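What follows is a short report on a single structure.
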Amino acid sequence: MRYTSHSKQLQAQFTGDFPDAVELLGRNNYACLKNPGLFPQLSAELCTSNSPHCKTCELAKQGCEPDAEGKCSCVIDCPYLVRKRLALNANIANLNAAYLLRVMNYGGGFSPIPLATFDEFELMEGALLGTIEITFTDRFMEKFGLLPPKYRTKPESWRERAPEWLKVVEQRINQLQNAWGIDDLVSLHQLEQKKRQLQFFIQEVDDRWVFDGTTFKPIWVSRYADKYLWQHADKILGMSATITPWR
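Pasting the structure below:
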């Protein structure tokens, strides 16, 4: 069973009630194996272990030899991945809902799930929306040199500019491949996330989305419920003390 909630407090409470459950938090809650003293500025979220030369290992001046798959050989001892393996193999795993949505949909495991139990089920619509919505902040655009749309209040103007932004983001990602500082790792992580969002934006955003000036959201988040949630579990149990009869 995979139990999910929407806060660390509820996760901790569930672990207290069910000591055999394996609690797993998001990647940014775990220190880097080779640089624990730099946590939380440098966390497992910024890991580059998929590369033959792991940047966090180099940062710690502890170069590692790539394994047979060309990845960092230290990854087997990563605190986050050690905990994740325990959760994947546990009878009961205790997870955050937003985290589970990300890992199920972006290659992080936990799918398919025989039984997924969602506490505070009335909040799942918001969690799903948070996974799908796309926000463009002035700070991000200025940091990476993305030209704003000609007409900032018109969604179609943003859609016209998106392919150009994607090219710029991809160029910046390539430029950072040989950069090794913590700020560079943060920027690389931000750019990789925005690349995925822009690809989704170009493919999906149309007149069935609304725009509030900085964020695009689907009018009906239910359009994405099957792809991002239902199809990942054989059975789903939703629990709530506040769902009204009409819902």
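Residue numbers (the numbering used here): 680 to 926. Even glycine gets a Cβ: it sits at the ideal position worked out from N, Cα and C. Since the model is a prediction, treat every value here as computed from it, not as a measurement.
Pop quiz: residue i and residue j are said to be a contact at Cβ under 8 Å. What is the actual Cβ separation, rounded to whole angstroms?
{"i": "N775", "j": "S901", "result": "Between S901 and N775 the Cβ distance is about 22 Å, and since that is not below 8 Å, they are no contact."}
{"i": "A723", "j": "C711", "result": "6 Å"}
{"i": "D813", "j": "F895", "result": "This sequence places Ile at residue 813; Asp is not what is there. Correct: roughly 5 Å between the Cβ atoms."}
{"i": "N729", "j": "K713", "result": "Actually they do not touch by this definition, with Cβ atoms about 15 Å apart."}
Mind checking whether residue i and residue j have CB atoms under 9 Å apart?
{"i": "A700", "j": "A772", "result": "yes"}
{"i": "F879", "j": "P834", "result": "no"}
{"i": "R762", "j": "L704", "result": "yes"}
{"i": "Y907", "j": "I811", "result": "yes"}
{"i": "I852", "j": "L864", "result": "no"}
{"i": "C726", "j": "Y682", "result": "no"}
{"i": "I898", "j": "A841", "result": "no"}
{"i": "N784", "j": "H911", "result": "yes"}
{"i": "D862", "j": "L689", "result": "no"}
Helix or strand or just coil, what does DSSP make of residue i?
{"i": "N784", "result": "helix"}
{"i": "Y682", "result": "strand"}
{"i": "T727", "result": "coil"}
{"i": "N853", "result": "helix"}
{"i": "T832", "result": "coil"}
{"i": "A769", "result": "coil"}
{"i": "A858", "result": "coil"}
{"i": "L826", "result": "coil"}
{"i": "V884", "result": "coil"}
{"i": "F819", "result": "helix"}
{"i": "C733", "result": "coil"}
{"i": "P791", "result": "coil"}
{"i": "T694", "result": "helix"}
{"i": "L908", "result": "coil"}
Check whether chain D comes within 9 Å of residue i, counting only Cβ atoms and requiring the distance to be less than that.
{"i": "Q850", "result": "Among the chains in the structure shown there is no chain D, since it carries only a single protein chain."}
Give me the DSSP bridge partner(s) of residue i.
{"i": "F895", "result": "I813 and F890"}
{"i": "T796", "result": "Y682 and L916"}
{"i": "V701", "result": "A772"}
{"i": "S722", "result": "A710"}
{"i": "P946", "result": "Residue 946 lies beyond the residue range present for the chain, which begins at 680 and ends at 926; the question has no answer from this structure."}
Would you check if there are 3 or more beta carbon pairs closer than 8 Å linking the region 819 to 835 to the region 843 to 855? Yes, they touch.
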